[in-house]
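In the numbering used here, the protein residues as written are -11 to 278.
Written below as structure tokens is the structure these notes are about.
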């Protein structure tokens, strides 16, 4: 009996080791998501609490009344991702091309340094910088470039600036990892065959670093589309995004079923993004294996 039990334990050793993590995810991730999914089909009761009967009213409102908020969220998250890519890609190359290990480590340290400060504190610091009496307006007026302060706050520009500032390291680090794995001999071979810098970049460098680009884009787009602290503090009404809308439904006398429906649709959008990323990585891996 003991020998049989020992053999069974050894055969399922990996599953037993993963059991605590699986149980944790099931209890604190899968079950809450299932409850949110069920609540999204219930009716709004007194004080915004969910009650029977089941209805599709909230999903109808999501795709009609709040479709513009979803579109704005996707647009802002997409623009944030694009700006992070345009800034982060050359930055990753700059870090990778430093010859001295100390210099590379120091620049990487500067990239992740903002993570040492609470995100809320950094957002409030941006409010001070972008305020009507903040340093930016003070500098512009002091140099005579403007006569009156520019209202940066409560605009889409402030929201995108805050999101780029907060999520730029998520773009730089994956691209840096891809650039570090880049075989520089391929670049030299392309130049020996007569390719200029532009063709070398498009035909050699960009395809080989694309996994880092895709990973960084996913890491920026997913949290950006659901952000609510930055739009709330920097954008106000003009920066309303889906995260702010969900947060309002779960506070005070909101609408829990509507908030659950909004959360479910947002989760579906995120899952779709992850499926596209997984498909790309699998396809890329299959091609490299051929």
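Every residue, glycine too, gets a C-beta built ideally from N, C-alpha and C.
As the structure is a prediction and not an experimental result, all values here were calculated from the model.
C-beta atoms of residue i and residue j nearer than 9 Å
{"i": "residue 219", "j": "residue 152", "result": "no"}
{"i": "residue 235", "j": "residue 36", "result": "no"}
{"i": "residue 209", "j": "residue 157", "result": "no"}
{"i": "residue 85", "j": "residue 154", "result": "no"}
Contacting residues, own chain, Cβ-Cβ under 7 Å from residue i (five flanking each side not counted)
{"i": "residue 58", "result": "230"}
{"i": "residue 258", "result": "210"}
{"i": "residue 50", "result": "249, 250 and 253"}
Residue i beta carbon near the ligand GDP (any heavy atom closer than 8 Å)
{"i": "residue 32", "result": "Looking at this structure, you won't find the ligand GDP or any other ligand, since it has none at all."}
Residue from the options with nearest C-alpha to residue i
{"i": "residue 22", "options": "264, 259 and 252", "result": "252"}
{"i": "residue 200", "options": "163, 175 and 228", "result": "163"}
{"i": "residue 169", "options": "197, 192, 142 and 175", "result": "197"}
{"i": "residue 226", "options": "48, 265 and 61", "result": "61"}
{"i": "residue 65", "options": "166, 150 and 165", "result": "150"}
{"i": "residue 80", "options": "165, 89 and 2", "result": "165"}
{"i": "residue 34", "options": "241, 134, 143 and 48", "result": "241"}
{"i": "residue 72", "options": "161, 174, 191 and 175", "result": "161"}
Nonlocal neighbours in the same chain, by C-beta distance under 8 Å from residue i, ignoring five residues either side
{"i": "residue 121", "result": "137"}
{"i": "residue 139", "result": "120"}
{"i": "residue 263", "result": "none"}
{"i": "residue 265", "result": "202, 203 and 206"}
{"i": "residue 278", "result": "Confidence at residue 278 is low in this model, with a pLDDT of 49, below 50, so the placement of that residue is unreliable and no value is reported for it."}
Anticipated Cβ contact below 8 Å, residue i with residue j, distance rounded
{"i": "residue 28", "j": "residue 245", "result": "6 Å"}
{"i": "residue 215", "j": "residue 24", "result": "With a Cβ gap of about 19 Å, residue 215 and residue 24 do not count as contacting."}
{"i": "residue 98", "j": "residue 222", "result": "About 23 Å separates the two Cβ atoms, so there is no contact after all."}
{"i": "residue 38", "j": "residue 44", "result": "That belief does not hold up - the Cβ atoms of residue 38 and residue 44 are roughly 14 Å apart, past 8 Å."}
{"i": "residue 76", "j": "residue 159", "result": "4 Å"}
{"i": "residue 212", "j": "residue 105", "result": "19 Å between Cβ atoms; not a contact."}
Segment limits, alpha helix (DSSP H) that includes residue i
{"i": "residue 46", "result": "45 to 51"}
Cβ neighbours of residue i in the same chain (closer than 6 Å, five flanking residues each side left out)
{"i": "residue 187", "result": "none"}
{"i": "residue 141", "result": "118"}
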